[in-house]
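S.K.: A single structure is presented below for examination.
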Amino acid sequence: MKNNLQQLTTFSPDEFVHKSSKVLESIILDLLKEEKAINIALSGGSSPLPIYELLSTYKLDWKRISFYLVDERCVPLKSEQSNFNNIHNCFFKSLHSKYYSMVREDLTYEETAINYEKLIIKNLRSKNDLPQFDLIILGMGLDGHTASLFPGTDALGNKKDLVVLNKIPKLNTDRITMTFPLILNSKKIVLIASGEEKLNLLKNLCENNHPISKIIPQIYTILN
Ligand SMILES: O=C1O[C@H](COP(=O)(O)O)[C@@H](O)[C@H](O)[C@H]1O
């Protein structure tokens, strides 16, 4: 992946949402010039939802874009905690794009991870012997986790699988998540983070060893 390190800082929530969706629009337009069809993986959480919502109002050639999830909570599809459900309600449902939920109600969460990895291998172009997303949009937690790659968890060091069920002891739960080999193989990565605590964490990355540190040199960062 090329070194994409660029940073955009915004100074109000409205500006954050507006500029973030404009940056994403411009990246997607460039990617659509390169390929007939592109694949984008989205993070959940709450910060990106208004950005996705605004982006959905833009006139893009949505039929040429397929969307995947970066990570998911082990909850039913219609749960308010489901990343898919939340992104569906503000974004997918108004688009003519294909989109793929990680969780399937006919599969266990472990089978879901295996199934999603197979789907990604089948649908994506390959680069460096791995499937390649055109764009992955990441978020970050205050503990430095990105996707559902939390500090101290097994998935952090997984170099073999692309999507796994990851045990998160501190939350007393499991999450389904893409792993670093797949994330780092993406053509472009954008990190969207808001709030002073996250900004401080990003400023002090040299002094800590958070999961997000592995991604930092290769991203476009949008900060509020
Ligand atoms: O739990 C999660 O949190 C992170 C960060 O979410 P944010 O609302 O604080 O930006 C998110 O990137 C991830 O997809 C999600 O599952």
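Each position in the sequence shown, counted from 1, maps to that position plus 3 in my numbering. A virtual CB, placed ideally from N, CA and C, is assigned to each residue, including glycine.
Express the C-alpha separation of Ile186 and Met4 in angstroms, rounding to a whole number.
M.R.: Low confidence applies here, because Met4 scores a pLDDT of 45, under 50, leaving its location unreliable and the question unanswered by this model.
S.K.: With DSSP as the reference, label Lys190 as helix, strand or coil.
M.R.: Looking at Lys190 - three-state DSSP - the assignment turns out to be coil, as it is neither helix nor strand.
S.K.: Rounded to whole angstroms, what is the Cα-Cα separation between Ile222 and Leu45?
M.R.: If you take the alpha carbons of Ile222 and Leu45, they lie about 15 Å apart.
S.K.: Find out if the Cβ-Cβ distance for the pair Pro53, Ile140 is shorter than 8 Å.
M.R.: It is not a contact, given that the beta carbons lie outside the stated cut-off.
S.K.: Can you tell me the Cα-Cα spacing of Asn169 and Leu152, whole angstroms?
M.R.: Rounded to the nearest angstrom, the two C-alpha atoms are 8 Å apart.
S.K.: State yes or no: is the C-beta of Val73 nearer than 7 Å to some heavy atom of ligand 1?
M.R.: Checking the Cβ of Val73 against ligand 1 gives yes.
S.K.: Buried or exposed: Asn6, going by 16 or more other Cβ atoms within 10 Å of its Cβ?
M.R.: At Asn6, the pLDDT of 46 sits below 50, so the modelled position is not reliable and the matter cannot be decided from this model.
S.K.: DSSP on Lys130, reduced to helix/strand/coil?
M.R.: Strand, per DSSP.
S.K.: Going by DSSP in three states, Ala158 sits in which element: helix, strand or coil?
M.R.: Three-state DSSP puts Ala158 in a helix.
S.K.: Per DSSP, Ala196 forms a beta bridge with which residues?
M.R.: Beta-bridge pairing links Ala196 to Leu226.
S.K.: Could you give the residue range of the alpha helix (DSSP H) that holds Glu28?
M.R.: Looking at the DSSP string, the run of the alpha helix (DSSP H) that includes Glu28 is Pro16 to Glu37.
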